[in-house]
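In my numbering, the protein residues as written are 28 to 110.
Quick notes on the structure that follows.
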């Protein structure tokens, strides 16, 4: 999270026009916080993609490290115990 700038905003007594709510009609508040539900639904849909990106980055880092070690003449024994 350090690489991602974040900030908090607080709006008190603020009215948002219906057409400006995030997420479309399914997020229109029945009582309150409908926009928030839509945002959270979007976050939940993007979580697997973010996880896949993280796994891809980890795999690329391992591949890079393995290649660098191979070029340096370091042999790796797979399946052994870590020391």
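Each residue gets a CB set at the ideal place from its N, CA and C atoms; glycine is no exception.
{"Check": "What is the rounded straight-line gap between the Cα of residue 36 and the Cα of residue 76?", "Outcome": "26 Å"}
{"Check": "Just the Cα atoms here: how many angstroms apart are residue 46 and residue 98?", "Outcome": "58 Å"}
{"Check": "What separation, rounded to the nearest whole angstrom, lies between the Cα atoms of residue 67 and residue 78?", "Outcome": "17 Å"}
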